[in-house]
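Reviewing the structure listed below.
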Amino acid sequence: MQYTFQVQGMTCAHCERAVTQALQQVDPQARVQIDRAQGKVEVDSSAPREALAAAIREEGYAVAQAL
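Residue numbers are given in the UniProt record's numbering: position 17 of the sequence shown equals residue 17, and the series is strictly consecutive.
Pasting the structure below:
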């Protein structure tokens, strides 16, 4: 499944790595694309949407909406 999350608080490359690693802990096969300027995180994963959103939140970022 393809998921798009609107994420607040990503400001640097470290933030991108932290979010990517958190998502890949939920699903090691997940493909993650991040547009930091737009605050968008696109994930291609078989994991449930809420599990992915929870992983982002656990890293300290606000998930404004999950599309």
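All C-beta atoms, glycine included, are put in the ideal place defined by N, C-alpha and C.
According to the DSSP secondary-structure assignment, residue 3 is paired through a beta bridge with 43. Taking 8 Å as the cut-off, the beta carbon of residue 55 is found no closer than this to the beta carbon of residue 8. Residue 33 and residue 42 do touch by the CB rule: their CB atoms are close to 4 Å apart, below 8 Å. Straight-line measurement puts the Cα of residue 1 at about 16 Å from the Cα of residue 20.
For residue 17, the enclosing alpha helix (DSSP H) stretches over residues 13 to 26.
Residue pairing by DSSP leaves residue 55 without any beta bridge partner.
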